[in-house]
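Worksheet: the structure to be examined is printed underneath.
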Amino acid sequence: MDNCIFCQIVNRKAPARIIYENENVICFLPKKVEVYGHTLVVPKKHYVDLYDIPEDILCDLVKVAQKLTLEYKQKINATGMNLMHASGKDGQQSVFHFHFHLFPRFKDDGLDTWPNLARIKVDINELWNKLRTG
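Count the sequence shown with UniProt numbering and you get residues 1 to 134, in order.
In structure tokens, the structure reads:
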């Protein structure tokens, strides 16, 4: 996709500071680094979101995310990691090419990445019956 910045990076038509890549995955620093070591983990083929990406490619992305997590523990002394993703406009996705954000964490870094969610009233059994599989 010519107008997709991540596809442009994959095809070397846009610059990027590439950290790692293999046959299916490319990882690079975002233009705006939110935290020390912030990295994007992106499939090389264009998939829009979690609804679109094939399971095998998703598994490759997670394996690479784990690889980088282990490396960042050694290379930059990260003591934790947040793996973040947004799918769809209502999920606040801003680049419509599937990707994960890796946010390395450090002792007393002051980050609060867990959202302060409003509690809702719900019939838990009704919800469970709607969501369970099998």
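Heads up, the beta-carbon is just placed ideally off N, CA and C, and yes, glycines get one too.
Taking buried to mean at least 16 other C-beta atoms within 10 Å of its own C-beta, is residue i buried or exposed?
| i | result |
| --- | --- |
| V122 | exposed |
| P104 | buried |
| T39 | buried |
| C59 | exposed |
| I26 | buried |
| A118 | exposed |
| I9 | buried |
Residue i to residue j, Cα distance in whole Å?
| i | j | result |
| --- | --- | --- |
| L61 | G91 | 20 angstroms |
| D52 | P30 | 23 angstroms |
| F106 | I19 | 20 angstroms |
| E21 | V42 | 9 angstroms |
| N3 | E126 | 43 angstroms |
| R17 | I76 | 17 angstroms |
| M81 | K13 | 30 angstroms |
| K130 | Q74 | 43 angstroms |
Once the 5 residues before and after residue i are set aside, which same chain residues still bring their CB inside 6 angstroms of it?
| i | result |
| --- | --- |
| H99 | L40 and V42 |
In this structure, what does DSSP give as the bridge partners for residue i?
| i | result |
| --- | --- |
| Y20 | C27 |
| R105 | G80 |
Between which residues of its own chain and residue i is the CB-CB distance below 7 angstroms, once the five residues before and five after are set aside?
| i | result |
| --- | --- |
| Y36 | I76 and P104 |
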